[in-house]
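Enquirer: In this note's numbering, the protein residues as written are 343 to 587.
First the structure, then my questions, so here it is.
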RNA sequence: UGUGCUAACAGAGG
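Shown next, in the form of structure tokens:
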């Protein structure tokens, strides 16, 4: 059972669903019934590849077999819907989840935050964020980074930095994703110089900017028409052992 | 007797 689930999960993760189904068949033939883990692996795989109809079908099948979807199952399906821009369905799934006595956890909220973020619905993100804190869940670096990214996307880097400061005050350590979101935001606002200073700052605290960080910064100077500096940054990127992709 | 081993969330360009 665990062995089969491990293999099935491996196939689901890479989108090889025919092999996953073949293994489920084998699993059944050897006397093991698919369990929550099996269905969750399928739902998570289908969600990841934006095959939402299939994912929902598996969810129904799971319920039909008397198995209870857990927090991981719901979160996978919710995340899939968020990533496909079906935020309203994701929200109703979260309601359904709660009605069935399955409490949304931090990952569930983070998936929804990401949905709001990508749809530029940052005020709703903030509202839910506060609601989550009221419920006693502690936001982590992913929660804050998603919020910051959302604010940057709507061009409100000032608020993004306010959230950043709040995060630090709450003893939540920003990581490279957090800084990269801010750097990207600054660059898109035409503040590539500020972004570059920020890159220097993160290097000082021992973080290594990666190709995502550099590409945002390079794009920032490209937007300003400063191609010479953009090319200089590519050189610096290579010197810093970061390969352009 | 032993409940261990497997699943979900964030950043760039196009």
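From the three backbone atoms N, C-alpha and C, an ideal C-beta is built for every residue, glycine too.
Starting from residue 387, trace the alpha helix (DSSP H) in both directions and tell me its first and last residue.
Expert: It spans 378 to 390 - the alpha helix (DSSP H) in which residue 387 sits, taken as one unbroken run.
Enquirer: Might you give, ordered along the chain, the residues of its own chain that have their beta carbon closer than 7 Å to the beta carbon of residue 389, omitting 5 neighbours on each side?
Expert: Here the set comprises 397, 418, 419, 421, 422.
Enquirer: Which word fits residue 357, buried or exposed, when buried means at least 16 other C-beta atoms lie within 10 angstroms of its C-beta?
Expert: Per the 10 Å Cβ criterion, exposed.
Enquirer: Which of the three DSSP states is assigned to residue 581 in this structure?
Expert: In this structure, residue 581 counts as helix in the three-state DSSP scheme.
Enquirer: Using the three-state DSSP reduction, which class does residue 483 fall into: helix, strand or coil?
Expert: Reduced to three states, the DSSP call for residue 483 is helix.
Enquirer: Between residue 429 and residue 455, what straight-line distance do the alpha-carbon atoms span, to the nearest angstrom?
Expert: Cα to Cα, residue 429 sits roughly 10 Å from residue 455.
Enquirer: Hey, would you say residue 528 sits closer than 8 Å to residue 483, going by beta carbons?
Expert: For residue 528 and residue 483, no; Cβs fall outside 8 Å.
Enquirer: Please give the ranges of any alpha helix (DSSP H) in the stretch 431 to 489, keeping only runs that are unbroken, at least 4 residues long and fully inside the region.
Expert: 448 to 460, 464 to 476, all fully within the stretch 431 to 489.
Enquirer: Using DSSP with H/G/I as helix, E/B as strand and the rest coil, what is residue 512?
Expert: Coil, per DSSP.
Enquirer: Starting from the N-terminal side, write out each stretch of the alpha helix (DSSP H) that is 4 residues or longer and does not extend beyond the stretch 521 to 585.
Expert: The stretch 521 to 585 contains these whole alpha helix (DSSP H) runs: 534 to 546, 553 to 565, 569 to 581.
Enquirer: Answer with buried or exposed for residue 581, where buried requires no fewer than 16 other C-beta atoms within 10 angstroms of its C-beta.
Expert: By the 10 Å Cβ count, residue 581 comes out exposed.
Enquirer: Mapping the DSSP letters down to three states, classify residue 590 as helix, strand or coil.
Expert: The displayed coordinates of the chain run from 343 to 587. Any statement about residue 590 would go beyond what the structure contains.
Enquirer: Would you report the Cα separation of residue 491 and residue 521, rounded to the nearest angstrom?
Expert: Each residue's alpha carbon lies about 10 Å from the other.
Enquirer: By how many angstroms is the C-alpha of residue 373 removed from the C-alpha of residue 480?
Expert: In a straight line, the C-alpha of residue 480 is about 42 Å away from that of residue 373.
Enquirer: Let's test the definition: count the other Cβ atoms within 10 Å of the Cβ of residue 375 and tell me whether it reaches 16, buried, or not, exposed.
Expert: Label assigned to residue 375: exposed.
Enquirer: Could you check the C-alpha separation between residue 407 and residue 378 for me, to the nearest Å?
Expert: So the two alpha carbons sit approximately 10 Å from each other.
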